[in-house]
Amino acid sequence: MVQFHPSNKIHKTAIVHDTVMMGQNNIVGPFCVIKGDVKMGDNNVFETGVVTDHKVTIGDNCKFYPYVSLGFAGEMGAKGDKLPKGKGVVIGNKVTIREFVNVHAPYWWENTKIGDESYIMNKSYIAHDCQIGKKVMVNAGVRLGGRAILQDFANVGMGATVHQRSVVGENAMVGMNAAVKKHIPPFAVVAGVPSRILKFNIIGAKRRGMEEDYLNEISNNFKSIIEKGGGDTGVIEKSLKTFFETYPDTIRF
Numbered sequence: 024m025v026q027f028h029p030s031n032k033i034h035k036t037a038i039v040h041d042t043v044m045m046g047q048n049n050i051v052g053p054f055c056v057i058k059g060d061v062k063m064g065d066n067n068v069f070e071t072g073v074v075t076d077h078k079v080t081i082g083d084n085c086k087f088y089p090y091v092s093l094g095f096a097g098e099m100g101a102k103g104d105k106l107p108k109g110k111g112v113v114i115g116n117k118v119t120i121r122e123f124v125n126v127h128a129p130y131w132w133e134n135t136k137i138g139d140e141s142y143i144m145n146k147s148y149i150a151h152d153c154q155i156g157k158k159v160m161v162n163a164g165v166r167l168g169g170r171a172i173l174q175d176f177a178n179v180g181m182g183a184t185v186h187q188r189s190v191v192g193e194n195a196m197v198g199m200n201a202a203v204k205k206h207i208p209p210f211a212v213v214a215g216v217p218s219r220i221l222k223f224n225i226i227g228a229k230r231r232g233m234e235e236d237y238l239n240e241i242s243n244n245f246k247s248i249i250e251k252g253g254g255d256t257g258v259i260e261k262s263l264k265t266f267f268e269t270y271p272d273t274i275r276f
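If you count the sequence shown from 1, you need to add 23 to reach my numbering.
Quick look at the structure:
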């Protein structure tokens, strides 16, 4: 039997397999089943009924609320569910995942990933191979199709659906119940079915400490900047240019 550091607290009803490696000061709550090739750092909390399978890597200071599911085979439908060896779910530091969230194992890529300080709200669905950047907000009931990408600081509203292989750019904001079928450019606010660009996400940009006069100028000229495909001066213009060059099939005004 594996001996964990005495600072870890494992509830008597929890099952932790001997394949699991954990650091210090982790809390595993009632009726959790932590199995598979699981590696975690320090100060993580697993509330009631959290389950893991296959390969899962977790950083430090994360919190998993009741009945979170991590690392099970992605849903492939008629293709048949497959679980490639050596690939897994990677979760960064200070990540919060709320009740009844599913995070599936990858199939196509090396991992399904959630970056540092991201917050995933209840009943969200993170399909196989999704890539979520740092400080991303995924609101309640969001559905991310396979290989969807949410870049750093993105915010996806309650009940929105992001189609497989779609990319939501840095600091973009997706309105609630929106349907994302094409790539969303950085710093754009989108809404609707299918989603369309409404305006510049000035609030999100302000939260990152960008200079207000610069942001006001971007806001006043956002449509023309999008139409030009970004620019070579300014953080936001450069971000847009890089995005459009990388992902040509991106929605415009």
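Cβ coordinates follow ideal geometry from the N, Cα and C atoms, glycine included. Since the model is a prediction, treat every value here as computed from it, not as a measurement.
Asked	Found
Cβ pair residue 141, residue 159 closer than 8 Å	yes
Status (buried if at least 16 other CB within 10 Å, exposed otherwise) for residue 178	buried
Classification of residue 44 by the beta-carbon crowding that lies within 10 angstroms, buried from 16 upward	exposed
Test item: CB-CB of residue 204 and residue 217 under 8 Å	yes
DSSP beta-bridge partners of residue 154	136, 172
DSSP three-state assignment for residue 221, whether helix, strand or coil	strand
Contact under 8 Å by Cβ, residue 59 with residue 73	no
Assigned secondary structure, residue 178 (DSSP; H/G/I helix, E/B strand, else coil)	strand
Unbroken stretches of the alpha helix (DSSP H), 4 residues or longer, contained in the region 69–140	none
Collapsed DSSP secondary structure at residue 183 in the structure displayed	coil
Range of the contiguous beta strand (DSSP E) that encloses residue 35	Unbroken run through residue 35: none, as it is neither H nor E.
Cβ-Cβ separation, residue 139 to residue 115 (assumed contact under 8 Å), whole Å	4 Å
From 168, 245, 144, residue whose alpha carbon lies closest to that of residue 131	168
Beta-carbon proximity of residue 156 to residue 174, cut-off 8 Å	yes
Cβ pair residue 143, residue 170 closer than 8 Å	no
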